[in-house]
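Single-structure report; data block below.
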Amino acid sequence: MLSVKDLHASYGSIKALHGIDLEVNEGELVALLGTNGAGKSTTLKAISGVLRPVVGSVRFADEEIANKKPEAIVKKGISLVPEGREIFTSLTVAENLRLGAFSSYQRSRYQKDLEEMFALFPILEERLNQPGGQLSGGEQQQLAIARALMSHPKLIMLDEPSLGLSPALVDQIFELVSALRDRGSTVLLVEQNAERALKIADRAYVLKNGRIKFSGSPQQLESELDLASVYFGGEEGKGEVTV
Amino acid sequence: MTFLLRFLTRVPGRLTVITFAVLLAVGAVLVNSSAPRVWIGIYTYFCVTLMLVLGLQMFMGNSGILNWTYVGFVGIGAYVSSILSVTPSVKALGVPNMYPALVELHLPVVPAILVGALVAAALAAAIAWPLMRLSDAVGVITLFAALIVMHVIMTQWDNVTNGPRTFFGVQEFTTIWIAVGGAIVTLIGAHMFRESSLGLRLRASRDDRFAAPAIGISVVRVRYLTFVLSSFVAGLGGGLWAHYITSFSPKSFYVAEMFVLMTMLVIGGAGSITGAALGSAVITILRQGLLQLESYLNNSGVISFEVYGLTELGMAFLLIVMLIWRPDGIIGGRELHLPFLRRRIAAADAAETAGPTDPI
Amino acid sequence: MIDAEFLINTLSLGSLYALLALGLVFVYGILKLVNFAYGEYIMVAGYGLFLLGSYTALPLWVIMILSVLLAAAVSYLTEIVAFRPVRTKSLTAMLITSFAISVLLQNAALLFVSPRSRAVRLPAAFSQSITVLGVTTPLRNVLTIVTAIVLLAGLTVLMKYTVLGIAMRAAADKFTTTRLMGVPANLVISVAFIISGFLAGVVAMFWIGRSSSVDPLIGFAPLLIAFIATVIGGMHSLAGAVAGGFVYGLLFNMLSILLPASVISYRDAFMFVIVILFLLLRPEGLIKGSYTEERVG
């Protein structure tokens, strides 16, 4: 479904990605792991068109989308839940959701979509007319995901959805992400919490210094590769993965 | 030979400064000896303008802040130096409402211009600290508002400036030699500033305002010091300008004049001294050409209506085209460098280190 | 001092300034650009009145509508021709571009029309007087207030209840994220410029209605007023701009009455000192909005 080939990207004169190859098939939940600064968020930004220009190929549903504008890429069916949630704080929850549906709005199904979101995230119905800025961190994360789902994406990309949330909420978010896959969505998940992400992922990639260091199933990753070395760069042997 | 080359290229911009200084001096000699009188005037005016643009580059180019007040400080230098240098009898005649104490004040031209520059710097020092805390839109509007306040005071305080009317009777002191000397000194000063620790810290804060404090740069402090320094140059240039033009009014230190200075700086490339100097030269030539065209059209009767604004229109158009096409200016924020010189030095260095072991 | 006359004058002045400030903030909110060419959109509308009035036989009210639309069109044109190409460059580049456009438009008027001011004709209603609350006041003042109420209500509906309005508020909050929703960047920016130019055009009718003439530099004074009003009210929200406009109208009328005659010529300087103090003490203005400083990239 999504096929990234030899993707290079940079921030000004600083190169952040040195040739990424990545594949996401329909219905899969793929995890993209790595430390801070490894290039995970950059990869998502490059795919979604926020970071331009890039060098290389990004194909989605047999169409080249590299260097297209973000608004065009959303229309193709890729939705990004950005790092830090990026809720429109001055807009109400209802308005946030309405904008989420901007790219593929159909009056006939809008109400039904909303109700589906309320079923997934009951809290949003309660807070419908409150400004997004008044929501708690966990609520904002739910809103961000719901907002992305409103566009009926073929592929949903989540950038660190568990960041800054309390342990109970982290559980909730991971349950939700795996529920998304079970519902038939295709998911590309960026996480620092590798252990948790691997529990729900079908496949995983590990990024380091802007390059793919590993790709395969979570089981392969655990057996073939010392996770700690990926994260800490050392050769200390297997250790608890706490990132 | 290699020694000279190394000296020229070791610090970025040194080559520019020396090249421009030599060109300016040679140009002055040529113009003075063989060009028509009107050219001497244009050349003198160009040198003073170059000084002003270099002073603007010091702060605006290195900090990235659009400094509207600059032209106001030019005005302060012009007024203060002229009030001091004009004889009491001329002042009593030209500025009828002037405070008696001011009428009595009288200094020779050189100290008068220096005092003018110091007053500009002192005023900048007095008001700039809080202004330097602001960035982006708020900062721009504040500096713009400050220019308007300065302008209102210049036009209304007729006990000092003769109000909106022309202040005249200033001695014509600024000859082509003094102007060239001023431009060369400013060129060297601006270059030394740019490469100094202060200049470097200011450029770092321009490139990343939020990261600069992390390496121990006090953004407000470096901006403040440079602002004061830049205002000193503005005052100095203003004094020389006043003693060339000999009569002026507050509208010479307002938005339209700021536009000319800003265009010169931006078209060449605000980030470097090469850019500032090149932009000043290009715009001076263009302006003179357009002004000639304008006056030709008006005097020859080729067209039936009078032509106004062609010069500014042309400059504004060019500026917009440049901003779209090359927003960093002709030079692109770099200093002049000649690759072949670098190669020769590299070759010379290689020969030197290889020398003893290499049997030729 | 506070009588019905003062009240009507202040309300009318405040209404005009509120519209003026609003037009500036529409663009600022989304592009973070302080548009120095904003005053020239007013000038353009004025020359629309002059040219259409002199060379066509259209009814005056049609000429007025066309002139307002002309200001909106020129604003849109400056956006696509000049601002769009430099949008991703530095903020300073964009500011200088707006300044250059201002100089360009001013001198185009100077060159192609005349440096001297030109008389324009406006409907008779602009010079008639009316008695309200026992006060005789120019009908223009009442028209200003009514126009402001209608436009503010219309814009409120647009911004609150239409998808475009929601998208524009979102873009002012987080521009990149708004694009991630599928909202085209060029759409919201263009609409912002069109609304901005439209408001400038409407203001022009009343501004020019006072003197019934237009000259190339007529845009400078309203630009300054828009600056002051937005700074007082806060650059970061539309409501703030409106509030700032009314506060400025009040302040201006009060200073006119309170300042002794000998310093009245310094009124502008006083206003700007107030602006500077405001910026230093309360950079977010009276009404703290939620717009961030995120630049459009």
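Protein chains in written order, with the working numbering: chain A, 929 to 1171; chain B, 269 to 628; chain C, 586 to 882. The beta carbon of each residue, even a glycine, is placed where N, CA and C say it ideally should be.
| Listed from N- to C-terminal order along the chain, which residues in the stretch 999-1011 of chain A have their beta-carbon within a distance smaller than 7 angstroms of any beta-carbon of chain C? | Listed by position along the chain: E999, V1002, K1003, L1008 and P1010.
| request: Starting from the beta carbon of E1023(A), find every residue of chain C whose beta carbon is closer than 7 angstroms, and list them in chain order. | output: For a Cβ distance threshold of 7 angstroms, residue set I751 of chain C lies close to E1023(A), ordered along the chain.
| message | If contacts are defined as beta-carbon pairs under 8 angstroms, then V438(B) and T514(B) qualify, I think. What distance do you get, rounded to the angstrom? | response | About 5 angstroms separates the two Cβ atoms, so the contact holds.
| query | Should S464(B) go down as buried or exposed, given a rule of 16 or more other Cβ atoms within 10 Å for buried? | reply | It counts as exposed.
| task | For G1165(A), name the three-state secondary structure that DSSP assigns. | result | Confidence at G1165(A) is low in this model, with a pLDDT of 38, below 50, so the placement of that residue should be treated as unreliable; the coordinate-derived value is given next. Note: G1165(A) maps to coil in three-state DSSP.
| If we cut at 8 angstroms on Cβ distances, does A584(B) have a partner in chain C? | True, the Cβ-Cβ gap to chain C drops below 8 angstroms.
| said: Under 8 angstroms, Cβ to Cβ, is there at least one residue of chain A near G870(C)? | reply: Judged by the 8 angstroms Cβ criterion, G870(C) is not in contact with chain A.
| Would DSSP call E590(C) helix, strand or coil? | Residue state, collapsed to three classes: helix.
| request: Can you tell me the Cβ-Cβ gap for M628(C) and G804(C), rounded? I've got them flagged as a contact below 8 angstroms. | output: That belief holds up - the Cβ atoms of M628(C) and G804(C) are roughly 4 angstroms apart, short of 8 angstroms.
| Mapping DSSP to helix, strand and coil, what is I1073(A)? | Note: I1073(A) maps to helix in three-state DSSP.
| Whole-angstrom distance between V731(C) and I681(C), CA atom to CA atom | C-alpha separation (whole angstroms): 36 angstroms.
| How many angstroms separate the CA atom of G1244(A) from the CA atom of L662(C)? | Examination of residue 1244(A) is not possible in this model, given that chain A is present from 929 through 1171 alone.
| field | Sheet register partners of M1085(A) (DSSP bridge) | value | Looking at the DSSP output, M1085(A) shares a beta bridge with L1008(A) and L1116(A).
| query | Is D476(B) helix, strand or coil when you go by DSSP? | reply | Three-state result, D476(B): coil.
| Per DSSP, S938(A) forms a beta bridge with which residues? | Under DSSP, S938(A) shares a beta bridge with K943(A).
| request: Rank Q1058(A), S1032(A), G1061(A) and Q1069(A) by C-alpha distance to the C-alpha of L1048(A) and give the top, closest one. | output: Of the residues Q1058(A), S1032(A), G1061(A) and Q1069(A), the one whose Cα lies closest to the Cα of L1048(A) is Q1069(A).
| request: Determine which residues of the stretch 833-865 of chain C have a Cβ less than 8 angstroms from any Cβ of chain B, and write them out in chain order. | output: Listed by position, the residues of the stretch 833-865 of chain C near chain B (Cβ gap below 8 angstroms) are S850, Y851, D853, A854, F857, V858, V860, I861, L864 and L865.
| message | For the stretch 332-351 of chain B against the stretch 505-522 of chain B, do three or more pairs of beta-carbon atoms, one drawn from each stretch, fall closer than 8 angstroms, so that the two count as touching? | response | When Cβ pairs closer than 8 angstroms are counted between the two stretches, the stretch 332-351 of chain B is seen to touch the stretch 505-522 of chain B, the count reaching three or more.
| field | Listed by chain order, chain C residues near R1026(A) by CB distance under 7 angstroms | value | Ordered by position in chain C, the residues that pass the 7 angstroms Cβ test against R1026(A) are V748 and I751.
| said: Restricting to Cα atoms, I'd like to know which of Q556(B), G557(B), L529(B) and Q560(B) is closest to A545(B). | reply: The option with the nearest alpha carbon to A545(B) is L529(B).
| request: Please work out which residues of its chain come closer than 7 angstroms, Cβ to Cβ, to I628(B), disregarding the five sequence neighbours upstream and downstream, and give them in chain order. | output: Model confidence at I628(B) stands at a pLDDT of 35, short of 50, so the residue's coordinates are unreliable; what they give is reported in the following sentence. Short of 7 angstroms from the beta carbon of I628(B), and not among the five residues preceding or following it, lies no beta carbon of its own chain.
| task | Return the chain-ordered list of same chain residues with a C-beta closer than 8 angstroms to the C-beta of A1074(A), the five sequence neighbours on each side being excluded. | result | Take A1074(A), set aside five residues on each side of it, and the residues of its chain with a beta-carbon closer than 8 angstroms to its own are L1025, G1028, M1045, L1048, F1049 and L1052, in chain order.
| task | Return no unless some Cβ of chain C is closer than 8 angstroms to the Cβ of A944(A). | result | No, A944(A) does not count as interfacial toward chain C.
| task | Would you decide whether V321(B) is buried or exposed? Buried here means 16 or more other CB atoms lie within 10 Å of its CB. | result | Note on V321(B): 16 or more other CB atoms within 10 angstroms of its CB, so buried under the neighbour-count rule.
| said: Given a cut-off of 8 angstroms on the beta-carbon distance, is the pair L961(A) and A1076(A) in contact? | reply: No, the Cβ-Cβ distance between L961(A) and A1076(A) is not below 8 angstroms.
| request: Count the other CB atoms, across all protein chains shown, that sit within 10 Å of the CB of S548(B); report buried if there are 16 or more and exposed otherwise. | output: By the neighbour-count rule (16 or more Cβ atoms within 10 Å), S548(B) is buried.
| task | Give the DSSP-derived three-state secondary structure of L950(A) in the structure shown. | result | Here L950(A) carries a strand assignment [DSSP, helix/strand/coil].
| Do the stretch 320-335 of chain B and the stretch 465-475 of chain B make contact, defined as three or more Cβ pairs closer than 8 angstroms? | In this structure the stretch 320-335 of chain B lies against the stretch 465-475 of chain B, because at least three pairs of beta carbons, one per stretch, are closer than 8 angstroms.
| request: Pair every Cβ in the stretch 987-1001 of chain A with every Cβ in the stretch 722-742 of chain C, then say whether three or more of these pairs are closer than 8 angstroms. | output: Contact fails: fewer than three Cβ-Cβ distances are below 8 angstroms.
| said: Nearest by alpha-carbon distance to L957(A): which of S976(A), F1016(A), G1066(A) and L1086(A) is it? | reply: Among S976(A), F1016(A), G1066(A) and L1086(A), the Cα nearest to that of L957(A) is on L1086(A).
| request: Kindly confirm or deny that the stretch 699-708 of chain C and the stretch 629-644 of chain C touch, where touching means at least three C-beta pairs closer than 8 angstroms. | output: Yes, since at least three Cβ pairs between the stretch 699-708 of chain C and the stretch 629-644 of chain C fall closer than 8 angstroms, the two stretches touch.
| query | When you compare each of K1136(A), P1146(A), V1098(A) and K973(A) to V1009(A) by their alpha carbons, which one comes out closest? | reply | Ranking K1136(A), P1146(A), V1098(A) and K973(A) by Cα distance to V1009(A) puts K973(A) first.
| query | In three-state DSSP terms, what is K1141(A)? | reply | Here K1141(A) sits in strand by DSSP.
| Does the distance from the C-beta atom of G442(B) to that of H511(B) stay below 8 angstroms? | In the sequence on display, residue 442(B) carries Thr and not Gly. T442(B) is a Cβ neighbour of H511(B), given a cutoff of 8 angstroms.
| Closest Cα partner of L784(C) within the set L740(C), A756(C) and L809(C) | For the options L740(C), A756(C) and L809(C), the alpha carbon positioned closest to that of L784(C) is the one of L740(C).
| said: Do A606(C) and A777(C) have their beta-carbon atoms positioned less than 8 angstroms apart in this structure? | reply: Against a cut-off of 8 angstroms, the Cβ pair of A606(C) and A777(C) comes out as no contact.
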